[in-house]
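Under full-length UniProt numbering, the first residue of the sequence shown carries the number 1, and numbering increases by one thereafter.
Scroll down for the structure; my scribbles are underneath it.
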Amino acid sequence: MKIDIVSIFPEYFGPLDLSLIGRARGAGLLRVDVHDLRQWTHDVHRTVDDTPYGGGPGMVMRPEPWGQALDALVSPSSVLVVPSPAGEPFTQSTAVSLAAASHLIFACGRYEGIDQRVVDHFGGREVSLGDYVLFGGEVAVLAMVEAVARLLPGVLGNAESLVEESHTDGLLEAPVYTKPASWRAHDVPEILRSGDHGRIARWRRDRSLERTAARRPDLLARAALSARDRAALDE
Ligand code: ADE
1 MKIDIVSIFP
11 EYFGPLDLSL
21 IGRARGAGLL
31 RVDVHDLRQW
41 THDVHRTVDD
51 TPYGGGPGMV
61 MRPEPWGQAL
71 DALVSPSSVL
81 VVPSPAGEPF
91 TQSTAVSLAA
101 ASHLIFACGR
111 YEGIDQRVVD
121 HFGGREVSLG
131 DYVLFGGEVA
141 VLAMVEAVAR
151 LLPGVLGNAE
161 SLVEESHTDG
171 LLEAPVYTKP
181 ASWRAHDVPE
191 ILRSGDHGRI
201 ARWRRDRSLE
211 RTAARRPDLL
221 ARAALSARDR
231 AALDE
């Protein structure tokens with residue numbers, strides 16, 4: 001997969017050199033290029049923003065630099081993603097759908113956002129990280145790139161960890177524990193040390209249901225539940 005990121009703060013993306021994403025890039029599984037939007041400005045001040053039509057606070061990103069940037073980067077295979085608090089929610093299923101593309105372009109807006117004509121002209125998908133407002137799209141893009149990249153074949157060593165994690169089956173994952181078996185008088189649940197894989201799987205499923213019911217009843221309402229799951233929830 002190829003990812004292009006356009007931002008006025010390319011330095012934000014230093015962390016993409018680290019850890020598993022850095023390794024995936026090194027292994028050629030993923031190519032990421034970060035571009036400074038100001039390279040597509042032509043005035044001495046390298047202006048990227050202007051006052052909003054219709055009035056109101058803040059500044060809006062001008063269409064011309066964005067138009068030139070995207071003319072240079074868009075290809076027939078590309079999917080353009082525009083992070084915005086006004087976008088559709090970014091979920092694990094958004095990550096799965098973006099991971100199927102061969103070329104992603106992320107356009108990071110700042111200030112009050114990018115002139116809407118840019119998004120409309122290039123058919124951008126506006127996506128929100130959550131119901132809160134960030135200074136700009138950069139942090140949202142770091143999160144989205146990480147969520148997408150870990151789904152690419154070969155990026156995650158153990159494909160099992162993709163199957164059993166939170167959100168894959170629409171539920172939150174059960175709590176996890178490691179050694180020592182007793183720490184500050186807190187003991188690891190006995191069942192996890194029993195070696196009985198059937199009971200362990202049922203215990204995990206029950207904790208997963210319990211957590212989801214307590215923390216994310218909205219997810220539970222949409223999850224595919226078995227008769228046994230429903231019985232466990234009623235206990
Ligand atoms: N830009 C500013 N706030 C954002 C959010 N919540 N999600 C995505 N992009 C943003």
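The C-beta atom is built at its ideal place from N, Cα and C for all residues, glycine as well.
Where residue i sits in the DSSP three-state scheme
i    : result
P180 : coil
S166 : coil
A140 : helix
P153 : coil
R23  : helix
E173 : coil
A107 : strand
D71  : helix
H42  : coil
D196 : coil
Residue i classed as buried or exposed, judged by whether at least 16 other C-beta atoms fall within 10 angstroms
i    : result
W66  : buried
V163 : exposed
V176 : exposed
A100 : exposed
T178 : exposed
G157 : exposed
V44  : exposed
T51  : exposed
T212 : buried
L18  : exposed
T91  : exposed
S84  : buried
A214 : exposed
W183 : exposed
A69  : buried
A227 : exposed
A181 : exposed
Beta-ladder partner(s) of residue i, from DSSP
i    : result
H35  : V6
R125 : V81
G89  : Before going further, note that residue 89 is Pro rather than Gly in the sequence given. Paired residue(s): S128.
D187 : S182
M59  : According to DSSP, M59 bridges with nothing at all.
D50  : V60
Whole-Å CB distance - residue i paired with residue j, under 8 Å assumed
i           : j    : result
L209        : L233 : 6 Å
residue 237 : A24  : Lying outside 1 to 235, the shown extent of the chain, residue 237 is not represented and no answer is given.
M1          : L142 : About 16 Å separates the two Cβ atoms, so there is no contact after all.
I3          : L129 : Actually they are not in contact, since the Cβ atoms of I3 and L129 sit about 17 Å apart, beyond 8 Å.
V127        : E88  : 6 Å
V6          : A86  : The pair is not a contact, with the Cβ atoms about 19 Å apart (cut-off 8 Å).
S97         : S77  : Actually they are not in contact, since the Cβ atoms of S97 and S77 sit about 14 Å apart, beyond 8 Å.
R150        : L30  : The pair is not a contact, with the Cβ atoms about 10 Å apart (cut-off 8 Å).
R125        : V81  : 5 Å
A147        : A223 : About 20 Å separates the two Cβ atoms, so there is no contact after all.
D49         : R62  : 6 Å
Chain D contact for residue i (CB, 9 Å cutoff)
i   : result
P89 : Protein chain content of the structure displayed is limited to a single chain, and chain D is not contained in it.
**the segment 45 to 60 touching the segment 105 to 113, judged by at least three CB pairs closer than 8 Å** = Enough Cβ pairs lie closer than 8 Å, so yes.
**Request:** Determine, using beta-carbon pairs with one atom in the segment 135 to 145 and one in the segment 159 to 169, whether at least three such pairs fall under 8 Å.
**Result:** The answer is no - the segment 159 to 169 does not touch the segment 135 to 145, with fewer than three Cβ pairs under 8 Å.
**Message:** With three or more beta-carbon pairs closer than 8 Å as the criterion, would you say the segment 30 to 48 touches the segment 7 to 20?
**Reply:** Touching, yes, given that three or more Cβ pairs across the two stretches are closer than 8 Å.
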